[in-house]
Structure formats: C-alpha cells, structure tokens
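To start, the structure itself, in structure tokens.
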Amino acid sequence: MRPTIGIFWLLLSSWLAKGQAPAATDRSAADADGPHVFFRGGEIVVRTLERTGGAPALRERRHARREDVLLTCSLPESGDVFEFKLKKQLQPDPCCYSEVERILVISDIEGNFEAYKRLLRAAGVIDDAFRWTYGRGHLVLLGDFFDRGLNVTEVLWLSYKLEDEAARAGGKVHYLLGNHEAMNLCGDHRYVRNKYPENARLLGEGYHHWYDENSELGRWLRTKNVIERIGPYVFCHGGISPAVAASGMSLEEINETSRRYLGVSFDHIKDPVAALVFHREEGLLWYRAAARGKMTSAEIEAALVFADAKHMVVGHTLMPEVSALYGGRLLCVDVLHEENLRNGNLHTLLIEHGEPYIIYNSGERKLLTPRPVLQHARGGGQ
C-alpha cells in the first residue's frame, strides 16, 4: 500500500529539508547559551553566554569542588529556567533491565527544546518547573539530540538533570547515543548551526572542546550506551542489521566497545567490533533498512533473537508518524518534531503495561497498530 500523493510530497519535501546541512540557509547568530563546564588546571570552569542588549555577554565562574557547582539553564525566548547540580560521579549504566510499567520514548529532538519540553509535560514526566514527576517510570532518549536546532545545550542539560531526579524517585532516564552524538564527538560538525561556532568564539573555547574529555557534557556522553533492552523491547538509534545480528556480540560487549571508541573518527577505527558498531551503513547508529521496509521477516526475527527481545524500537529514519511495522515487531519513532510543533500534532511513543501507544501533546493517546511497510521511508540525510 502506498501513501497518498499529498502525504508523499509533504514527506519528501520535509525529508529533503532535514537531510541537508543548514549552512547554506542558516541565519542563526551568537546568542544565549550554556552553561558549559570545563575542567582546567584543577579547577571547574563554568562559562555561560547571557543575552544582553547587544552581543551575548560572557559570564565565568570557577570552583574547586563538584559539590559547590550549581548550574542554571535559561532560555530567553520562552522564559524557561531550571537549576541543577553536577552529578557526584559519572559512570556507565547497565544495558539490560526487567520489564517496567511505563516507558516514554523520544528520539531525534535535534536541539528543539520547546518540542522536548511539551512532550515531557504531556506525558507527565515533568512539571512546569522541570522537575521529574514520572515516579518509577522510564524515559528512553533514543539519540540525535544534537544538530539542526538552536537549543542543543539546553536539551542535553535537561536530560542530565532528570537522570538524578528519576533515580531518586525509583525511575530511570536512558540516554542512548545516535549518529549525531557520535559525529559531534569525533569532530564532524556539518550539521551544527552557525550559532555554535560563533558562541564558541565568545566563550573562548573551540566548539570541539565543548564535548571533549575535559568537559562535563563530554564526560557524561562518554558513559552512554548505544543499545539497551527493557523487558521485551530493545532500543537503539538506527537498528540491528543482519551483520550485527550475525556477529555473536553481546549487548554488553557492544556498549563497552562503543564507549572506548566514541570520539574516534570511523576511518581510524581498527577494532572489528567498534568498526561494525560505528559502520555508516550496517552499524547500530546508522542502519536504516528496517524502517525502510528492506529487511525480510526472517532478518527482523534474527535481530530480535540476537537481542533476546520481541520488539525493536528505533529512531534515525524519519516517518510520517510514530509507526509499528513488521506486525508490530519494529517501532519507529523519528518524526518531524519541528513541523508537528507548528501544526499542533506533537506526539511520541508510550509503552504502558507492555502495549505501545502514540501519546499526543494534548495528553491523548491511542493504541499503536501495525501498518503496511512504507518503502524508502526517508530520502537521505544524516
């Protein structure tokens, strides 16, 4: 079954727009940003760009101890503000979890703080003060929170903040890496908006330092997994290719290896496990064939057997709406958040008591039913 002509052309134009680096038409400029936390000479240096009447003004603070650092994120456009402290320590998470009552899944936010905020509030994950209100629920962030948008710093810090609050409530935030996280950490900045290199100049810290091993966000991202399983659901950004499914690797081995090589250019990776994980066609961060309907039913089944799961949840490949393919064995959650924000159709995936739902900005939900595979679901891009 094919989509209608109108839907086809709408999707095609949106996919082409998303698939292009924004540099040619990007009119963004230096603006409020931060905080950015760096470790320099035994000190913790916090630098923030604050909006003034003219160019953004640099504010710097220095601390000797992590426990003394209180950070504030401010978004002048919306008036949103939230505060948080540095984590006591950073460490990798497990990759396998027992089934939980409810899981909200959000993918490919791409620096769109307003869409992120509204989705979290619609599902009851946060209140108006950005505090965790999801109790023992789990929040899965399926990668690509970087690039294209103008509030990358803020969406990262909100995710960072919610991790500790969720843990204290018995819940969990799972931040999984996407290809754009990997690209930024290894110096591929093709999709970074003009705002960020201009801000880097004002901060006195090159953009490549914002997420390196001597920054708090860089250290935090380097603890993250690329694949996790919660109950019968396995989550990864791109998908499990036949090559990965046939590799015999465990999920633990995949994650341990990916963390060792995060930030290394793919061309310089010699380890065969890492080379497969980061491969730009077959790797977990890049694979598209499942969402494009190009895998056979047997290949989907092999991927699920590999992960000891019944359902695979992916982002990365843009869909007209959150979709269930292959009889519900594949759930695709990458949608056009920016466009959906404009037209009042923001939505994402909710898994409750093992059943998948679409949840909308209004709080309304509907059971997610399998649909025919949409061939060639996305027309290119990264």
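Residues 1 to 382, numbered by my numbering, are exactly what the sequence shown covers, in order. All residues carry an ideal CB built from backbone N, CA and C; glycine is no exception. On a predicted model such as this, the values are computed, not experimentally measured, just so you know.
Through-space distance from V335 to Q91, alpha-carbon basis:
31 Å
So, with DSSP's three-state summary, where would you put A324?
DSSP, reduced to helix, strand and coil, places A324 within a strand of the structure shown.
Could you have a look at T153 and say whether DSSP puts it in helix, strand or coil?
DSSP places T153 within a helical segment (H, G or I) once states are collapsed to three.
Test item: CB-CB of L202 and Y211 under 8 Å:
no
Cβ-based neighbour list, G54, same chain, cut-off 8 Å, excluding 5 preceding and 5 following
none
Would you list the one or two residues that DSSP bridges to A57?
E50
Please report the residue range of the beta strand (DSSP E) in which S261 lies.
For the sequence presented, residue 261 should be read as Tyr rather than Ser. Counting along the chain, Y261 falls outside any beta strand (DSSP E), though it belongs to the alpha helix (DSSP H) covering 251-261.
Over the uninterrupted alpha helix (DSSP H) stretch that includes I300, give me the two end residues.
297-307
Who does K85 pair with in a DSSP beta bridge?
Answer by DSSP bridge pairing, in chain order: L70.
Which residues DSSP lists as bridging K366, in chain order
I358
Quick one: Cα of E339 to Cα of R59, how far?
34 Å
Looking at C-alpha atoms only, which residue of D80, N194, W286, N179 is the closest neighbour of K117?
D80
Spatial neighbours of L150 within its chain, please: CB distance less than 7 Å, with the 5 preceding and 5 following residues excluded, ordered by chain position.
S28, G111, R193, K195
So Y357 and L341 are supposed to be a Cβ contact under 8 Å. How far apart are they, rounded?
So it is not a contact: roughly 20 Å between Cβ atoms.
Proximity below 8 Å, CB of H353 to CB of N179:
Between H353 and N179, the C-beta spacing is not below 8 Å.
Leaving out five residues on either side along the sequence, give the residues of the same chain with a beta carbon under 8 Å from the beta carbon of S362.
A122
Inspect the CB distances between the stretch 287-300 and the stretch 254-274 and report whether three or more fall short of 8 Å.
no
Check whether the stretch 268-281 and the stretch 312-327 touch, using three or more Cβ-Cβ pairs below 8 Å as the test.
Two segments are said to touch when three or more pairs of C-beta atoms, one from each, lie closer than 8 Å; by this definition the stretch 268-281 does not touch the stretch 312-327.
Which residues in the same chain have their Cβ closer than 8 Å to the Cβ of V322, if we skip the five residues on either side of it in sequence?
L331, C332, V333, V335, H347, T348, L349, I358, L368
Would you mind sorting V155 into buried or exposed? The rule is 16 or more other CB atoms within 10 Å of its CB.
buried
G238 beta carbon less than 8 Å from that of R288:
Taking 8 Å as the Cβ cut-off, R288 and G238 qualify as a contacting pair.
From what residue to what residue does the alpha helix (DSSP H) around R201 run?
Where R201 is concerned, the enclosing alpha helix (DSSP H) stretches over 195-203.
Starting from G27, follow its DSSP beta bridges and name the residues at the other end.
The sequence given here has Arg at residue 27, not Gly. According to DSSP, R27 bridges with nothing at all.
Distance CB(L75)-CB(F130) smaller than 8 Å:
Taking 8 Å as the cut-off, the beta carbon of L75 is found no closer than this to the beta carbon of F130.
Environment of L70 [buried if 16+ CB atoms lie within 10 Å]:
Exposed: under 16 other Cβ atoms inside 10 Å.
If contacts are defined as beta-carbon pairs under 8 Å, then L276 and A309 qualify, I think. What distance do you get, rounded to the angstrom?
About 19 Å; that fails the 8 Å criterion.
Any idea if S265 is buried or exposed, counting beta-carbon neighbours within 10 angstroms, 16 or more meaning buried?
Label assigned to S265: exposed.
On the criterion of 16 or more Cβ atoms from any shown chain inside 10 Å, does A30 qualify as buried, or is it exposed?
buried
Just to confirm the assignment, what range does the alpha helix (DSSP H) spanning Y116 have?
113-122
DSSP puts K172 in a beta bridge; with which residues?
H138
What is the DSSP secondary structure of G187, counted as helix, strand or coil?
The answer is coil: DSSP assigns G187 none of H, G, I, E or B.
Own chain partners of R365 with C-beta closer than 7 Å, once the 5 adjacent residues on each side are dropped
L350, Y357, I358, I359
Whole angstroms is fine: what's the gap from D128's alpha carbon to V173's?
In a straight line, the C-alpha of D128 is about 19 Å away from that of V173.
Start and end of the beta strand (DSSP E) containing H353?
No beta strand (DSSP E) holds H353; DSSP gives it neither H nor E.
Looking at the structure shown, is W132 part of a helix, part of a strand, or coil, going by DSSP?
strand
Given this structure, state the Cα-to-Cα distance separating F278 from N343, to the nearest angstrom.
35 Å
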